[in-house]
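A.B. asks: Starting off with a structure, shown below.
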Amino acid sequence: MPQPIIQAENLVKNYDDVRALRGVSFEVAEGEVFGLLGPNGAGKTTTVEILEGLRSPDSGSARVAGLDPEKSGMAFKEKIGAVLQATALPEKLKVIEALELFSRFYSRRANPEALLKRFQLEEKRNAFYSTLSGGQKQRLALALALVNDPMVLFLDEPTAGLDPQVRREIYDIVEELRREKKTILLTTHYIEEAERLCDRVAIIDSGQVIAIGTPRELKQTSAGTTRVSVRLANPAANGSLRLLEGVTDVRELDGAYVLHSTQPPRTIVALVKQLEAESNQLESLEITSPSLEDVFIELTGRRLRD
Amino acid sequence: MKHSWTLTKVRVRMALRSRPFIFFSMVMPLGFLVGYNVIFGRGVPEAVPFLLGAVLALTVMGSFWGLSMQLVQYREAGILRRFRIAPVDAGALLGSSLLANYFLVLPTVVVEFLISRWIFGMHDWGNILQVFAMVSIGAATFSSFGLIVASVTNTMQETQVINNVIWSIFLFVSGATIPLGVLPHWLQRVSLFLPATYLVGGLQGAMLGRATWNEIGGDVIALAVGLGVAFGISRALFRWEPESRISARSKAWILAAMVPFLLLGVWENLYGTRLIHLRENFQSLGERGDAPEAPDAPDPTK
């Protein structure tokens, strides 16, 4: 891996009795899009806010672009851009004014007009912040994060609460930034977002990184198997599904049996034969490739949004 | 300083787009001016300078209310944290509050002068330099009181309660609405502990042309010390994040901003002649027009 531009080492953070982070460590290389994937309350935002210099860890260390986020002050802020999770702008601030205002804070500046165009906000240049839709506000937030052409971009849940169409627009923007080799640390609880946008992903749960790698690597380590999800008229005999050809694991999830198979066709043939023998019936069958959700379920026994 | 100036320009623009701001900071003071002159001045031009002095003080003092509310609202809405991620420090943000407020107060002050002169027949402009000095330092000082209120409160509701208490005291015990001369003697002595009293008295003295530069200088210094202390405390206690709360003990810092005026109040009560001057200002209203007769002021040396 090339020289890391973001380093989190054994970050620990407690809020009163709540252990938000229990030793989070990872590194992000320059030009990489790195995702922190996990459910709400997993510790993603706390991790990002420590790396942004907004919070202090109780222990552990963080370095971004060679600087300590907590101690490097304005020099650090010059190098980063961020879309924060819970933030806003004054209601009576116009879109173009927001871009011009924030760009003036930095020594290195992107052209506000170019950002307007890039984020399709030209028509809204003189609109007040309060009149923008959720998607437009998020596009403006992304544009503001780029006013200083930052070395590192932090996107904390950039599509949370947005409708699917707007979410796809944001994906397009992030993919464009990825093509430009911008270093991005992105947090999300959307599987699709992590799989589509990230070069590497750290799965985080209960304040700990429980898996890390490229989406493909993670899916391969998840037994490297295809999921055959079946619903049966009657419950399967105890342990019988596990003995089917090609099956490496069986899990019961939401009333369905999820068979992990290395040989899906053979598994399905064996399944049908067994059901006939048991006078049971197949109600539905679905074949899926493993997703990061499967990885998460395997590692935690829970769905990502439980 | 550069960032402060950048923020100031934007904040002035945003304020001028806000209807509540226009009403409370521009229309309402003018309403006070008209009301005072119609009800108390009774059309006597000689009474206008004294009444204008009080209205100018109200205009200047009003800034503390709006600024405290705005800052707390910015914090609660997460607006401050957006600025926190940029290379802007708390000093620049707070400094822009004072500067923007100052530039927003000045046009109202000018309009109040023009209405007093052209509509209510005020004979002269008073000591305009003294008025300018008092308006300038007053606007900055009372803005900084707003900042300190924002720094020691956690929610909008809390801010409103504290603002109401402070505003009521400033309004009714400083001479801004009820002339000090008609208040009970003990309350007149209490008023000497309030910054608002020095602002009202200074502005009335400057408008009537009765204040010496020594007296105005004393008022300016007292307000300037209050400004320095309040700005320093509000910067030290400044919070960017909505969830960062301030402890009940830290709220006592609001009293620290009053220390210069407590000291001044003690001195004035023991040795000063300010109450006599304030009484003379009020009596001049009676001499010039047909305003109510002022009762005897207490002898400040007793």
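Chains A and B, in that order, are what the protein sequence lines are. Under our numbering, the first residue of the first sequence is numbered 188, with each subsequent residue one higher. Under our numbering, the first residue of the second sequence is numbered 13, with each subsequent residue one higher. Even for Gly, the Cβ is constructed at its ideal location relative to N, Cα and C.
#1: Would you list the residues sitting across from A:K281 in a DSSP beta bridge?
#2: So, with DSSP's three-state summary, where would you put B:I266?
#3: For B:A260, decide whether its Cβ has a neighbour in chain A, counting only Cβ atoms nearer than 8 angstroms.
#4: What does DSSP give as the partner residue(s) for A:V211 in the beta ladder?
#5: Can you tell me which of the three DSSP states B:G214 falls into?
#6: Return no unless some Cβ of chain B is closer than 8 angstroms to the Cβ of A:L241.
#7: If you reduce the DSSP assignment to three classes, tell me which class A:Q468 lands in.
#8: Between which two residues does the beta strand (DSSP E) harbouring B:V164 extend?
#9: What's the gap between the Cα of B:V147 and the Cα of B:I91?
#10: What residues in its chain sit with their C-beta under 7 angstroms from that of B:A269, if we drop five residues either side in the sequence?
#11: DSSP three-state label for B:F205, please.
#12: If A:V417 sits next to A:L472, beta carbons under 8 angstroms apart, how far is it from one beta carbon to the other, in whole angstroms?
#13: Tell me whether A:T401 sits in a helix, a strand or coil according to DSSP, three-state version.
#14: Which first and last residues belong to the alpha helix (DSSP H) in which A:D481 is found?
#15: Give me the subset of the segment 18 to 32 of chain B whose CB atoms are less than 7 angstroms from a CB atom of chain A, sorted by chain position.
#16: B:W77: buried (16+ other C-beta within 10 angstroms of its C-beta) or exposed?
#17: Is A:M338 close to chain B? Criterion is C-beta to C-beta, closer than 8 angstroms.
#18: Quick test of the definition: if touching needs 3 or more C-beta pairs under 8 angstroms, does the segment 274 to 289 of chain A touch the segment 22 to 35 of chain B?
#19: Name, going along the chain, the residues of the segment 85 to 111 of chain B whose beta-carbon falls closer than 8 angstroms to a beta-carbon of chain A.
#20: Determine, for A:K279, whether the minimum Cβ-Cβ distance to residues of chain B falls below 8 angstroms.
#21: Can you pull out the residues from the segment 274 to 304 of chain A whose beta carbon lies closer than 7 angstroms to at least one beta carbon of chain B?
#22: Determine the burial state of A:D255: buried for a count of at least 16 other Cβ atoms within 10 Å of its Cβ, exposed for fewer.
#23: Residues of the segment 256 to 267 of chain A with a CB closer than 7 angstroms to any CB of chain B: list them in chain order, please.
#24: Can you tell me which residues form a DSSP beta bridge with A:L224?
#25: Roughly how many angstroms lie between the CA atoms of B:N166 and A:R209, to the nearest whole one?
#26: By a C-beta neighbour count over all protein chains shown, 10 Å radius and 16 as the cutoff for buried, is B:I228 buried or exposed?
#27: What do you get for B:N226, buried or exposed, if any count of 16 or more other CB atoms within 10 angstroms of its CB means buried?
#28: Could you pull out every residue in the same chain whose Cβ sits closer than 6 angstroms to the Cβ of A:A207, ignoring the five residues on either side in sequence?
#29: Per DSSP, which one or two residues make a beta bridge with B:V240?
#30: Counting only beta-carbon atoms, is B:H15 nearer than 8 angstroms to chain A?
#31: Ignore the nearest five residues each way along the sequence and tell me which others in B:I178's own chain have a CB closer than 6 angstroms to its CB.
#32: Shortest alpha-carbon distance to A:I193 belongs to which of A:A347, A:Q352, A:S466 and A:G240?
#33: What does the alpha-carbon distance come out to for the pair A:Q468 and A:L373?
#34: Taking the alpha helix (DSSP H) that A:I357 belongs to, which residues open and close that run?
#35: Per DSSP, what kind of secondary structure is B:V177 in: helix, strand or coil?
#36: By the 10 Å Cβ neighbour count, where 16 or more other Cβ atoms means buried, how is A:L479 classified, buried or exposed?
C.D. replies: Here's the rundown:
#1: Within the first sequence, the letter at position 94 stands for residue 281 of chain A. According to the DSSP secondary-structure assignment, A:K281 is paired through a beta bridge with A:F315.
#2: Along the second sequence, one-based indexing puts residue 266 of chain B at 254. Helix at B:I266.
#3: For the purposes of this step, residue 260 of chain B is identified with residue 248 of the second sequence, where counting begins at 1. Judged by the 8 angstroms Cβ criterion, B:A260 is not in contact with chain A.
#4: In the first sequence, counting from the first residue as 1, residue 211 of chain A sits at position 24. Beta-bridge pairing links A:V211 to A:L198.
#5: Sequence index remark: in the second sequence, residue 214 of chain B carries index 202 (1-based). It is helical.
#6: In the first sequence, residue 241 of chain A corresponds to position 54, counting from 1. For A:L241, the closest Cβ of chain B is nearer than 8 angstroms.
#7: Position 281 of the first sequence, counted from the first residue, corresponds to residue 468 of chain A. Residue state, collapsed to three classes: coil.
#8: Here residue 164 of chain B is taken as the residue at index 152 of the second sequence, counted from 1. Counting along the chain, B:V164 falls outside any beta strand (DSSP E), though it belongs to the alpha helix (DSSP H) covering I140 to V164.
#9: As a working mapping, residue 147 of chain B is identified with position 135 in the second sequence. As a working mapping, residue 91 of chain B is identified with position 79 in the second sequence. When rounded, the distance between both Cα atoms is 30 angstroms.
#10: For the purposes of this step, residue 269 of chain B is identified with residue 257 of the second sequence, where counting begins at 1. Cβ within range, chain order: F157, I160, G238, V241, A242 and I245.
#11: Here residue 205 of chain B corresponds to residue number 193 of the second sequence, with the count starting at 1. B:F205: coil per DSSP, three-state reduction.
#12: Numbered from its first residue, the first sequence carries residue 417 of chain A at position 230. Numbered from its first residue, the first sequence carries residue 472 of chain A at position 285. For a cut-off of 8 angstroms, the C-beta gap from A:V417 to A:L472 is around 5 angstroms, short enough to register as a contact.
#13: What you label residue 401 of chain A is simply residue 214 of the first sequence in a count that begins at 1. When secondary structure is reduced to three states using DSSP, A:T401 falls in the coil class, being assigned neither helix nor strand.
#14: Counted from its first residue, the first sequence places residue 481 of chain A at position 294. Start and end: L479 to T487.
#15: Taking 7 angstroms as the cut-off between beta carbons, the residues of the segment 18 to 32 of chain B near chain A are T18, V22, M26, R29 and S30, in sequence order.
#16: Position 65 of the second sequence holds residue 77 of chain B. With 16 or more Cβ atoms within 10 Å of its Cβ, B:W77 is classed as buried.
#17: To locate residue 338 of chain A, count along the first sequence from 1; it is residue 151. No, A:M338 does not count as interfacial toward chain B.
#18: yes
#19: Y86, A89, G90, I91, R93, R94, R96, I97, A98, P99, V100 and D101
#20: In the first sequence, residue 279 of chain A corresponds to position 92, counting from 1. It does; some Cβ of chain B falls within 8 angstroms.
#21: T274, A275, L276, P277, K279, L280, E284, L288, F289, R291, F292 and Y293
#22: Residue 255 of chain A sits at position 68 when you count from the first residue of the first sequence. That one is exposed.
#23: M261, K264 and E265
#24: Your numbering for residue 224 of chain A matches position 37 in the first sequence. Answer is A:T375 and A:I390.
#25: In the second sequence, the residue the question calls residue 166 of chain B occupies position 154. In the first sequence, the residue the question calls residue 209 of chain A occupies position 22. Going by the C-alpha atoms only, they are around 30 angstroms apart.
#26: Here residue 228 of chain B refers to the residue found at position 216 when the second sequence is read from its first residue. By the 10 Å Cβ count, B:I228 comes out buried.
#27: Numbered from its first residue, the second sequence carries residue 226 of chain B at position 214. So B:N226 ends up on the exposed side.
#28: Mapped onto the first sequence, residue 207 of chain A falls at position 20. The answer, listed in chain order, is K200, G230, T233 and G394.
#29: Walking along the second sequence from the start, residue 240 of chain B turns up at place 228. One detail in the question is off: residue 240 of chain B reads as Gly in this sequence, not Val. B:G240 is not bridged to any residue.
#30: Here residue 15 of chain B corresponds to residue number 3 of the second sequence, with the count starting at 1. So yes, B:H15 belongs to the interface.
#31: Residue 178 of chain B sits at position 166 when you count from the first residue of the second sequence. Excluding residues within five positions, none has a Cβ falling inside 6 angstroms.
#32: As a working mapping, residue 193 of chain A is identified with position 6 in the first sequence. That would be A:G240, whose Cα lies nearest to the Cα of A:I193.
#33: Position 281 of the first sequence, counted from the first residue, corresponds to residue 468 of chain A. Position 186 of the first sequence, counted from the first residue, corresponds to residue 373 of chain A. Each residue's alpha carbon lies about 45 angstroms from the other.
#34: Counting from one through the first sequence, the residue named residue 357 of chain A turns up at place 170. Start and end: P351 to R366.
#35: The residue given as residue 177 of chain B occupies position 165 in the second sequence. In this structure, B:V177 counts as helix in the three-state DSSP scheme.
#36: The sequence position of residue 479 of chain A within the first sequence is 292, counting from 1. Buried.
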